[in-house]
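For this note's numbering, add 1 to where a residue sits in the sequence shown, where the first one is 1. Where is the CB? At the ideal position from N, CA and C, for every residue including glycine.
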Amino acid sequence: MSAPLTTKEAAERLGVSPARVRQLVLAGNLPAEKFGRDLMIKEADLKLVEDRPIGRPPTKKAAKKGGRK
Numbered sequence: 002m003s004a005p006l007t008t009k010e011a012a013e014r015l016g017v018s019p020a021r022v023r024q025l026v027l028a029g030n031l032p033a034e035k036f037g038r039d040l041m042i043k044e045a046d047l048k049l050v051e052d053r054p055i056g057r058p059p060t061k062k063a064a065k066k067g068g069r070k
């Protein structure tokens, strides 16, 4: 079993900012445990958010029209 990752380490693995990792934790999308001031994240839990698409999902209007032209 590997050691838990800090917010910064998890951000580096995911290719996002530490602030984004904290957002994912606060939203309940990424499990973490508080250890002092830091959030500790299990490496296995990174799989829960690794394969998510980046950015906002398309709106219904844009999806029907095929986006901007």
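For K43, there is no enclosing alpha helix (DSSP H), as DSSP gives it neither H nor E. The shortest CA-to-CA distance from V26 to any of L40, P5, S18 is the one to L40. Taking P32 as reference, the option from K62, S3, P59, A11 with the minimal CA-CA separation is A11. Boundaries of the alpha helix (DSSP H) around T8: 8-15. Distance from the CA atom of T8 to the CA atom of E34, rounded to whole angstroms, is 11 angstroms.
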